[in-house]
Amino acid sequence: MPDAGVLAYAFSTAGSLDPGTKLLDVGLHEHTPLQARAELLQDPMHMSVAIHELTHFVSLENTLGHVMSFLAMRTKDIAREIERKAASGEQVDAAWVLLYARRHREYQLMLEMWRPMLEGLAVYAQLHEPDPEGDALIEPVNLLLHFSSFISLVGIDPVKSGPKTASGLSDFYASACRAIVAGPALKHGETPLSLSFEFVDPEGLRPYFIGHAYIRALQHSLAAKAPVYESSERFFNLVIRILRSSTREMLADVSSWGQTKVATRIYSWVDIVREAPATRVQALIEQPDSIDVLHFLETGNVRVGYDSCALAATQTVRQIAPRLWEDFESALAERDLPGAGTPAERAARLAGAWIAGTMSLNLSTNGVASIAGWIPAGFAPLHAVAIRIDDAVWWAAMSDADLTRLGIESKGLPELEPARLLDPGDLAATPLQLVIDCSVAYAPAGPDDPVPAESGTVSPKLWFRLRNPGVPDFGLTLTIAPAISGVAGIYLRAPNNDEQQLLQFRVTADMRYELRDAPTSEMLAQMLEANDQQPLAEILREHIEEESLATARVISDAERRALAAVLGREPIDGDLDLLDQGIGVLPDAPIFGDLITAAYSKFIRIPPEAAASVRVLNQLAIEKIGKPLFEIDARNVVRYQGIWGEPP
Amino acid sequence: MSRIPDIDSHFLEPLESAMLSLETDTVPLVIFDGAKSRRFVDQVSEALHTSVVYSSQKDFEAQFKSSLKGEGTLLVLIDQPLAGKTLQIVNGYLAAHDVLGKDNSQLTALGLPVPSDGHRAILVTEKALFARHESGVQRHLADLARVIGVAGG
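Line by line, the protein sequences are chains A and B.
End of the first sequence sits at 1299 in the working numbering; the numbers just go up one at a time, nothing left out.
End of the second sequence sits at 257 in the working numbering; the numbers just go up one at a time, nothing left out.
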């Protein structure tokens, strides 16, 4: 299982996303992009897990994610430095150990404070009722569709691209919708997903259960005032918009991310909506994306909640975490780094690159890409290199220098006819094998780029990295280039003079893996012990213990705040059993397992005798938790509403 | 840097009473009736830099034990009727701060350390929940702690 520092998919070991580095693991390692796409298409469970983890990625493309990744970067960087000194037998400075412990604690507190919200939203993305006829997509599905459609088109003659375009979009979208519709019934072990967390079994599903109930309660309260948010897609994207536009304010002016007022800010959205006039909720849909949603709902005043340019993102991190920033600058000043600029300028540059770097998501890695041949100057002045990926041939534009750095001897390659660019046929692979990674990324806006008015997201891009396993430390970064009419289909080439985007990959790609794999606190304590620095190891262990207690307090607080929002009252006494048992607090609830799964996100009609049982259960639920578990009308049409519905 | 937090005006008087109680080394028991206890907790915990622990937390004993070693203030939110070990711990702590004679023996018998001189605790609960305690427990808590009521707001 991943460690506590990641947003792990608790239902199985199938997925995780590290909020610090935004590195994703959805089991698509050793996959080519085409294999990854095929895997997602064929396996609803895999698609469902991918949607869950991509929701985390999307949920962190905002100030919260930027602060979290910067904090993680600093923490893990310090860990690496302690590790380096301990490994080389040098005396480790006690101040570094204390700084590490403080930073690690803050990161952990921040993560646990937000975990129910983030996991709840990810579960919602897996289980909602999609509207294939609607005009909105949830953002994680949008990202996957970009991935699928571009992957489908690489190497295709534009004249013949129609069927592939349709397949890349519609087949994939249909598959995503099927996975979401099937979501409540998808089995993890022996139990359907919906029942796993409605009954909080196993215990690790607590944040999923209460977080998901909180998200549903939020939708309930929004839709009651603006029916447009009955649309799952509209609602989901509004939550993402709140995370973009309101987190700057939520994170501001706190001395610790674990303060109770932070929990109140995060888990008071439902109350804010309940107290807001309906006209304000209805006005949201027409507003520019950057308007601070929660502030508007609370006060009726319009103010900008974020600025999407990369420079502003860095400045915001600096404002929100000034002490963290100061010690980053101090650390840079102490290092003899190449390059010009004051420590402040360097800090801004490095933090900016890191934040931009974490805006990309590794979807598939280490897939086999075999060289099939080349056309010298096929993309004049660059060469066209044919790469066999599964049953497709992709073309990449490369310079002589690129070929050399990848360890490719062009003289030994089969030379191909230029006509092959449009019709490669069944080109045979040579023994020369590279590996290919594929990432999807949001490009950060530059200072002169217009701020998107209607949507905070810009179209994601696909990035590829070709590596030769025999040539370590080099990867050729490529992106998708448009087809050349009558000459070539869509192909891959290095981006043109876009240093900022290149930074995302060349500078930060390796750093992200290195930091993700940084030693844990316990590993550092063991290293210190092994290096005869027992007093420091003891200090660190004391801090680990203290962090563990502080984390438990934050988890308790966040869960109770979310429960308070769902129930509409301070949870006391018997209410708290919901956190342990979910709807298992009702002894008869397990009998309704099949109905809960079937009616999880949609209305279904049930026979009269079943309806009578549901009404009895509802009465028991009202007595126990103050609200019914099912919506049910006179025609015996029911929908499950768990603990998030309104009291009768 | 965090600014000095605002305290709602209707919390000033109970807060002042609580501070006075802390200064005289007695334990304030703040009971809310109709006022928003959460807002009080947010503001006071920020102003006094307290840790906040719920009596219903499974690791309540570990939290309390760890806190006793330090000199900070612990805000205990009573969200379940005190019973069993949790009640024993709270009683032991109240006995250790009894103005008529400090008695650390109950805490020691529970395997908990004697509170450090600078350690303070504030108990916070809702009136409805307080009323669910057995009358003997209510009376005992009210006798040993300094009860501060907060209504309306």
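Glycine is no exception: its CB is placed at the ideal position from the N, C-alpha and C atoms.
Asked: Paired residues, beta bridge with residue 207/B - DSSP; Found: Residue 207/B pairs with nothing; no bridge assigned.
Asked: The segment 1275-1287 of chain A touching the segment 1228-1247 of chain A, judged by at least three CB pairs closer than 8 Å; Found: yes
Asked: Proximity to residue 1232/A [Cα-Cα], best of 849/A, 656/A and 826/A; Found: 849/A
Asked: Alpha-carbon to alpha-carbon, residue 956/A and residue 1010/A; Found: 19 Å
Asked: Residue burial classification, residue 124/B (beta-carbon count within 10 angstroms, cutoff 16); Found: exposed
Asked: Reference residue 754/A, options 1192/A, 725/A, 958/A and 703/A, closest by Cα; Found: 725/A
Asked: Three-state secondary structure (DSSP) of residue 146/B; Found: helix
Asked: Touching by the beta-carbon criterion (3+ pairs, under 8 Å), the segment 763-777 of chain A and the segment 699-717 of chain A; Found: yes
Asked: Within 7 Å, strictly: CB atoms of residue 720/A and residue 666/A; Found: no
Asked: Interface partners of residue 141/B on chain A, CB under 9 Å; Found: 1221
Asked: Own chain, CB closer than 8 Å to residue 1269/A, minus 5 neighbours either side, in chain order; Found: 1279, 1280, 1281 and 1283
Asked: Given residue 799/A as reference, the closest of 749/A, 817/A, 974/A and 930/A once Cα atoms are compared; Found: 817/A
Asked: Delimiting residues of the alpha helix (DSSP H) encompassing residue 1211/A; Found: 1185-1218
Asked: Stretch pair the segment 1243-1257 of chain A + the segment 1210-1227 of chain A: three plus CB contacts closer than 8 Å; Found: no
Asked: Residue-chain proximity (residue 685/A, chain B), Cβ-Cβ < 7 Å; Found: no
Asked: Beta-carbon gap between residue 200/B and residue 219/B smaller than 7 Å; Found: yes
Asked: Endpoints, beta strand (DSSP E) assigned at residue 784/A; Found: It is not in any beta strand (DSSP E) - residue 784/A carries neither H nor E in the DSSP assignment.
Asked: Cutoff 7 Å; reference residue 1182/A; Cβ partners in own chain excluding five residues on either side; Found: 737 and 740
Asked: Within 8 Å of chain B by C-beta, residues of the segment 893-912 of chain A in sequence order; Found: 904, 905, 906, 910, 911 and 912
Asked: The beta strand (DSSP E) enclosing residue 182/B, as first and last residue numbers; Found: 177-182
Asked: Presumed contact (8 Å Cβ cut-off) between residue 226/B and residue 194/B, rounded CB distance; Found: Wrong, their Cβ atoms sit about 12 Å apart, outside the cutoff.
Asked: Residue(s) in a DSSP beta bridge with residue 230/B; Found: 136/B
Asked: Of the residues 945/A, 904/A, 1059/A and 1071/A, the one placed nearest residue 1030/A, counting alpha carbons only; Found: 1071/A
Asked: Neighbour list for residue 940/A in chain B, Cβ cutoff strictly below 9 Å; Found: By Cβ distance, chain B contributes nothing, its closest Cβ being about 29 Å from residue 940/A, past 9 Å.
Asked: Classification of residue 117/B by the beta-carbon crowding that lies within 10 angstroms, buried from 16 upward; Found: exposed
Asked: Contacting positions in the segment 196-211 of chain B - beta carbon closer than 9 Å to chain A; Found: none
Asked: Where residue 912/A falls: helix, strand or coil (DSSP); Found: helix
Asked: Test: residue 1203/A CB closer than 7 Å to a CB of chain B; Found: yes
Asked: Within 7 Å of chain A by C-beta, residues of the segment 166-179 of chain B in sequence order; Found: 166, 167 and 170
Asked: Alpha helix (DSSP H) runs wholly inside the segment 1018-1075 of chain A, at least 4 long, in chain order; Found: 1051-1056
Asked: Residue nearest to residue 827/A in terms of C-alpha spacing, selected from 761/A, 699/A and 1242/A; Found: 699/A
Asked: C-beta contact flag for residue 1017/A and residue 680/A at 7 Å; Found: yes
Asked: Beta carbon proximity, residue 950/A to chain B, threshold 7 Å; Found: no
Asked: Strand pairing of residue 158/B, partner residues [DSSP]; Found: 181/B
Asked: 7 Å Cβ cutoff, residue 1227/A in contact with chain B; Found: yes
Asked: Whether residue 196/B touches residue 178/B by CB criterion (7 Å); Found: no
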